[in-house]
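Undergrad: One structure is given below, represented as C-alpha cells, and several questions about it will come after.
There are 2 protein chains.
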Amino acid sequence: MINRLCIIGVGLIGGSLALALKKYSACQYIIGCGRSIENLHNAIELGVIDDYHTDPAVAVQGCDVVLLAIPVGGMRTVMAAIKPALTENMVITDAGSTKGSIIEGAREVFGDLPGGLIPGHPVAGNENSGVIAATADLYRGCRVILTPHENSHEDALNTVTAMWRATGAQVNYMDAELHDHILASTSHLPHMLAFSLVRELVNSPHHDNIFRYAAGGLRDFTRIAESDPVMWRDICLSNKDAILAAIDRYRDELERLQRAICESDADTMHNMFAEAHDARARFRCLLDIQEQDCQ
Amino acid sequence: MINRLCIIGVGLIGGSLALALKKYSACQYIIGCGRSIENLHNAIELGVIDDYHTDPAVAVQGCDVVLLAIPVGGMRTVMAAIKPALTENMVITDAGSTKGSIIEGAREVFGDLPGGLIPGHPVAGNENSGVIAATADLYRGCRVILTPHENSHEDALNTVTAMWRATGAQVNYMDAELHDHILASTSHLPHMLAFSLVRELVNSPHHDNIFRYAAGGLRDFTRIAESDPVMWRDICLSNKDAILAAIDRYRDELERLQRAICESDADTMHNMFAEAHDARARFRCLLDIQEQDCQ
Chain Y
0 MINRLCIIGV GLIGGSLALA LKKYSACQYI IGCGRSIENL HNAIELGVID DYHTDPAVAV
60 QGCDVVLLAI PVGGMRTVMA AIKPALTENM VITDAGSTKG SIIEGAREVF GDLPGGLIPG
120 HPVAGNENSG VIAATADLYR GCRVILTPHE NSHEDALNTV TAMWRATGAQ VNYMDAELHD
180 HILASTSHLP HMLAFSLVRE LVNSPHHDNI FRYAAGGLRD FTRIAESDPV MWRDICLSNK
240 DAILAAIDRY RDELERLQRA ICESDADTMH NMFAEAHDAR ARFRCLLDIQ EQDCQ
Chain L
0 MINRLCIIGV GLIGGSLALA LKKYSACQYI IGCGRSIENL HNAIELGVID DYHTDPAVAV
60 QGCDVVLLAI PVGGMRTVMA AIKPALTENM VITDAGSTKG SIIEGAREVF GDLPGGLIPG
120 HPVAGNENSG VIAATADLYR GCRVILTPHE NSHEDALNTV TAMWRATGAQ VNYMDAELHD
180 HILASTSHLP HMLAFSLVRE LVNSPHHDNI FRYAAGGLRD FTRIAESDPV MWRDICLSNK
240 DAILAAIDRY RDELERLQRA ICESDADTMH NMFAEAHDAR ARFRCLLDIQ EQDCQ
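If you read the sequences in order, they're chains Y and L. Numbering-wise (numbering that gives the first Met the number 0), the first sequence opens with residue 0 and increments by one. Numbering-wise (numbering that gives the first Met the number 0), the second sequence opens with residue 0 and increments by one.
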C-alpha cells in the first residue's frame, strides 16, 4: 500500500494508474502535478487525483513514490526540479517509452543514480491522450517492464513492482538497453510506418478518393498514427540508434518484396507472404495465451 | 430478385454474399462451384448454397447471375471454362481485388467484352478465409465498387447494383484503372507493409522477445499479415505497376522521416507526426460519418 503518490503528468498514462490504484485500494492519497491547471482541475473532478501542485518540488514533498508520466524529452527538467526535495527513501519511477535516456538523464542530473530510482515502462496506452481518456483498466493484462540499474534498492523495486501488479499488469525486469532495442521493433518502428503511410496517402495522386474507399484494414493499420506527435518526437530523439537500425532492416525487407513484385516472381512473393502469414498466426496464439493467463 | 445465382469460389467473400442474399430474400436459388467437394459440402451444411457442381460450365447453366469469387489469378481459366455456357442475358460479375486485369482477361477470353460483364470489388473481407468464416453481415456498410466498361449493358449494371445493395453495401461506379490506383494505396500497399513488418520482426536480432513484449498497437497493425498468401500473390501480379509506384512513394516518405531522425531534427519530426496525426483524425471522422450513413 502506497501512502502518498505524486504523479507528475496527469494524462492517459498517469491518470489510468491513479484510477487503478484507487479502484484496488492500493494507494491512500494521490497528488497530481503538471503545467495545466485546467487539466489538474479536470483530474480532481474526474476523481483521478486528490489534490495538486504545479511546482514539482512542492508536489513530491512527503511522498513515498513519485511517478514521472510525461514525454521522455521533459524528464531531465523535471528530475532537476525535484532533486532538492528528494529524500533517501523516496521511490522514483517513470512511464517513459524509452529507458536508456532516462538512466542517462538521471546520471547527469543526480550525479550518481539514486537507489530509489526504478525506471519503468507500462507497455500500454492507445492513440488517445489526456486525463479524460484515463481508465482504471488500461493496464489489466498488459506488461510493465522495469529496468533497474546497478544502484537500485531492492525495496524500491518491490514497491514499484507491487504498484503495477495492483493494476492487473504483469511485471518483467529487463536491461534498459535490451528494452530499447525490443521496443524499437515492436512499437517505435510500427508507429514510424503508420505515420509514413498516412503521409503517403495524403500526398498520393488520388488522395481525394483514398479515404472514401478505404477498407477496415486501413483503419486498424493507421490507428496508431493518431498518437501524440510530441511523445513520438521525444521517443525518436531518445532511442535514435535502435529506431534507425529497425527502419534499415525494414527497408531491406520491403525492397526484397518490391524486387519480387517487379520481377513478377510469383514463388518468392508467395513464400514471403506465407512466412509472414504463419508468423502472425503464431503471434496471435501467443497473445491469446497471454490474455488467458492474465484473466 | 435473382432467380438463380452461381457462385464460383465459395469462400469468405462468395459465401458471405450468399448468406446475405438469403437473409434478405434477394435470391431464390444459389448454386456453388469450386474444386474442393469437402468445402462445397460444408457450404451446403452451413446453409450457404442450395446445391453445387464442380464443373463451372455445368454450374452456370440456367443462371441469371454468375459471381466469380476466386483469387484474381484464376479468373481467366474460369472465364474460359464458362464461355461455352454463356447466354446473352447472363450477367457475370466478380469480386476480385483488382479490376484492370479482369477486363484484360475477359477481352482475351471472350474476344470482345460481353455486355453482361460487370467487374466488381466489394471492399470488405478480413484476415479469415474459407466458407466457415462467411457471415451475412460482412458487407453491411461496406463499399462495393463496380467498374463497368464500354460494352456493359445498363440492365446488367442494375442487376449487380441491386444484388450488392441487398447486402447492405453502398455501391459506387468507377473506371477500372482509377480503381486499381486507389486500391494500390488504400489496400495493397498497407498489406505489403504489414507482411514486411512481420518478416522484419521475425528476422530481428531479438525476435525471441519481440512478440512477448508486443503492445496492442502491433496486434492491430499486423492483423492483415494473416491474409491469404495466394490472393495477395495474385493481386501483386495483376496490379504490379500501381503497387510498385505506391511502394516507391512510401519509401520516399519513410526515407524522409529516417533522415529527420538521423539528424535529430526535432521540428521536422514533430511536423511530420502532427500532419499524419491530423490527417488520420480527419479520416476517422469521415469513417464515422460513413458508418452512421449506413446504419
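Using N, Cα and C, we set each Cβ at its ideal position, and we do this for glycine too. Just so we're clear, the structure is a prediction, and the values are computed from it rather than from any experiment.
What does Trp-231 of chain Y touch in chain L if you count any residue whose Cβ is under 7 Å from its own?
TA: For this step, residue 231 of chain Y is matched to residue 232 along the first sequence. Result: Phe-272.
Undergrad: Secondary structure at Ile-48 of chain L, three-state DSSP: helix, strand or coil?
TA: Stepping through the second sequence from its first residue, residue 48 of chain L is reached at position 49. In the structure shown, Ile-48 of chain L sits in coil (DSSP, three-state: anything other than H, G, I, E or B).
Undergrad: By the three-class DSSP mapping on this structure, what secondary structure does Gln-60 of chain Y have?
TA: As a first step, residue 60 of chain Y must be located in the first sequence, where it is residue number 61. Three-state result, Gln-60 of chain Y: coil.
Undergrad: Is it buried or exposed, Ser-263 of chain Y, if we count other Cβ atoms within 10 angstroms and call 16 or more buried?
TA: As a position in the first sequence, residue 263 of chain Y is number 264, starting the count at 1. Ser-263 of chain Y comes out exposed.
Undergrad: So Phe-109 of chain Y contacts chain L; which residues on that side make the cut at Cβ distance below 8 Å?
TA: As a position in the first sequence, residue 109 of chain Y is number 110, starting the count at 1. What Phe-109 of chain Y touches in chain L: nothing, since even the nearest Cβ is about 24 Å away.
Undergrad: Which residues of chain L have a Cβ atom closer than 7 Å to the Cβ of Arg-218 of chain Y, listed in chain order?
TA: Translated into positions along the first sequence, residue 218 of chain Y becomes position 219. Neighbours of Arg-218 of chain Y on chain L, chain order: Leu-286.
Undergrad: Over the uninterrupted beta strand (DSSP E) stretch that includes Ile-29 of chain Y, give me the two end residues.
TA: The sequence position of residue 29 of chain Y within the first sequence is 30, counting from 1. Residues 26–32.
Undergrad: Sorry if obvious, but does the Cβ on Lys-82 of chain Y come closer than 6 Å to a heavy atom of the ligand FMN?
TA: The ligand FMN is not part of this structure, which contains no ligands at all.
Undergrad: Is the Cβ of Leu-156 of chain Y closer than 7 Å to any Cβ of chain L?
TA: Here the question's residue 156 of chain Y lines up with position 157 in the first sequence. Not closer than 7 Å to any Cβ of chain L, the Cβ of Leu-156 of chain Y fails to qualify, so no.
Undergrad: Quick test of your reading: Gly-13 of chain L and Leu-66 of chain L, contact by CB under 8 Å. State the CB separation rounded to the nearest angstrom.
TA: Within the second sequence, the letter at position 14 stands for residue 13 of chain L. Within the second sequence, the letter at position 67 stands for residue 66 of chain L. Correct: roughly 6 Å between the Cβ atoms.
Undergrad: May I have the straight-line CA-CA distance separating Asp-287 of chain Y from His-206 of chain L, to the nearest angstrom?
TA: Here the question's residue 287 of chain Y lines up with position 288 in the first sequence. Here the question's residue 206 of chain L lines up with position 207 in the second sequence. Distance between the alpha carbons of Asp-287 of chain Y and His-206 of chain L: 18 Å.
Undergrad: Counting along the chain, where does the beta strand (DSSP E) carrying Gly-99 of chain Y start and finish?
TA: Locating residue 99 of chain Y in the first sequence gives position 100, counting from the first residue. Run containing Gly-99 of chain Y: none in the beta strand (DSSP E); it sits in the alpha helix (DSSP H), 99–109.
Undergrad: Measure the CB-CB distance between Asn-171 of chain L and Ile-144 of chain L and report whether it falls below 7 Å.
TA: Translated into positions along the second sequence, residue 171 of chain L becomes position 172. Translated into positions along the second sequence, residue 144 of chain L becomes position 145. In contact: Asn-171 of chain L and Ile-144 of chain L (Cβ atoms closer than 7 Å).
Undergrad: Round the Cβ separation of Leu-20 of chain L and Ala-193 of chain L to the nearest angstrom and send it over; I've been treating them as touching at under 8 Å.
TA: Here residue 20 of chain L is taken as the residue at index 21 of the second sequence, counted from 1. Here residue 193 of chain L is taken as the residue at index 194 of the second sequence, counted from 1. About 31 Å; that fails the 8 Å criterion.
Undergrad: For the region 188–261 of chain Y, list the alpha helix (DSSP H) runs that are entirely contained and at least 4 residues long, ordered along the chain.
TA: With a minimum length of 4 residues, the continuous alpha helix (DSSP H) runs that stay inside the region 188–261 of chain Y are 188–202, 206–209, 215–221, 228–237 and 239–261.
Undergrad: For Ser-128 of chain L and Arg-283 of chain Y, what's the separation of their Cα atoms in angstroms?
TA: Numbered from its first residue, the second sequence carries residue 128 of chain L at position 129. Numbered from its first residue, the first sequence carries residue 283 of chain Y at position 284. So the alpha carbons of these two residues sit roughly 16 Å apart.
Undergrad: Between Arg-75 of chain L and the rest of its own chain, which residues show a CB-CB distance below 8 Å, the 5 nearest in sequence each way excluded?
TA: Translated into positions along the second sequence, residue 75 of chain L becomes position 76. Cβ within range, chain order: Gly-104, Glu-107 and Val-108.
Undergrad: Alpha carbon to alpha carbon, what distance is there between Ala-168 of chain Y and Cys-293 of chain Y?
TA: Locating residue 293 of chain Y in the first sequence gives position 294, counting from the first residue. Locating residue 168 of chain Y in the first sequence gives position 169, counting from the first residue. Note that Cys-293 of chain Y scores a pLDDT of 45, beneath 50, so its modelled location is shaky and nothing firm can be said.
Undergrad: Tell me the rounded alpha-carbon separation between Ser-96 of chain Y and Val-229 of chain Y.
TA: Working through the first sequence from its first residue, we reach residue 96 of chain Y at position 97. Working through the first sequence from its first residue, we reach residue 229 of chain Y at position 230. If you take the alpha carbons of Ser-96 of chain Y and Val-229 of chain Y, they lie about 12 Å apart.
Undergrad: Considering only DSSP beta bridges, list what His-120 of chain Y is partnered with.
TA: By one-based count along the first sequence, residue 120 of chain Y stands at place 121. Note: His-120 of chain Y sits in a beta bridge opposite Y:Ile-144.
Undergrad: State yes or no: is the beta carbon of Cys-32 of chain Y nearer than 7 Å to at least one beta carbon in chain L?
TA: For the purposes of this step, residue 32 of chain Y is taken as residue 33 along the first sequence, with counting starting at 1. For Cys-32 of chain Y, the answer is no, since every Cβ of chain L falls outside 7 Å of its Cβ.
Undergrad: For Pro-189 of chain L, which residues from the same chain have a beta carbon less than 7 Å from its beta carbon, with the 5 sequence-adjacent residues on both sides left out?
TA: Within the second sequence, numbered from 1, the residue matching residue 189 of chain L stands at position 190. Taken in chain order, the residues that qualify are Ile-223.
Undergrad: What's the call for Trp-255 of chain Y, buried or exposed, on a 16-neighbour Cβ count within 10 Å?
TA: Indexing the first sequence from 1 puts residue 255 of chain Y at position 256. For the record, residue 255 of chain Y in the displayed sequence is Arg; it is not Trp. Answer is exposed; the Cβ neighbour count stays below 16.
Undergrad: Do Pro-118 of chain L and Ile-131 of chain L have their C-beta atoms closer together than 7 Å?
TA: Locating residue 118 of chain L in the second sequence gives position 119, counting from the first residue. Locating residue 131 of chain L in the second sequence gives position 132, counting from the first residue. No, Cβ-Cβ distance for Pro-118 of chain L and Ile-131 of chain L is not below 7 Å.
Undergrad: Ends of the alpha helix (DSSP H) at Ile-12 of chain Y?
TA: Within the first sequence, numbered from 1, the residue matching residue 12 of chain Y stands at position 13. Residues 11–22.
Undergrad: Would you mind stating whether Lys-22 of chain L and Ala-135 of chain L have Cβ atoms separated by less than 7 Å?
TA: Taking the first residue of the second sequence as position 1, residue 22 of chain L is located at position 23. Taking the first residue of the second sequence as position 1, residue 135 of chain L is located at position 136. Yes; because the gap between Cβ atoms is below 7 Å, this pair is in contact.
Undergrad: Contact criterion: CB-CB distance below 7 Å. Does Gln-294 of chain L meet it with respect to chain Y?
TA: Taking the first residue of the second sequence as position 1, residue 294 of chain L is located at position 295. With a pLDDT of only 43 at Gln-294 of chain L, under 50, the local geometry of the prediction cannot be trusted, and the value read off the model is given with reservation. Not one chain Y Cβ lies under 7 Å of Gln-294 of chain L.
Undergrad: Does the count of Cβ pairs from the region 225–239 of chain Y and the region 265–274 of chain L closer than 8 Å reach three?
TA: Taking 8 Å as the limit for Cβ pairs, the verdict is that the region 265–274 of chain L does touch the region 225–239 of chain Y.
Undergrad: Can you check whether the C-beta of Pro-228 of chain Y is within less than 7 Å of a C-beta belonging to chain L?
TA: Position 229 of the first sequence, counted from the first residue, corresponds to residue 228 of chain Y. Cβ-Cβ to chain L under 7 Å: yes for Pro-228 of chain Y.
Undergrad: Taking only beta-carbon positions, decide if Thr-166 of chain Y is within less than 7 Å of chain L.
TA: Residue 166 of chain Y sits at position 167 when you count from the first residue of the first sequence. By this cut-off, Thr-166 of chain Y is not an interface position.
Undergrad: Please list the residues of the region 110–134 of chain L that have a C-beta atom closer than 9 Å to any C-beta atom in chain Y, keeping them in chain order.
TA: So the close ones are Val-122, Ala-123, Gly-124, Asn-125 and Glu-126.
Undergrad: Counting pairs of Cβ atoms below 8 Å between the region 49–62 of chain Y and the region 0–12 of chain Y, do you hit three or more?
TA: With a cut-off of 8 Å, the region 0–12 of chain Y and the region 49–62 of chain Y count as touching, because enough Cβ pairs lie within range.
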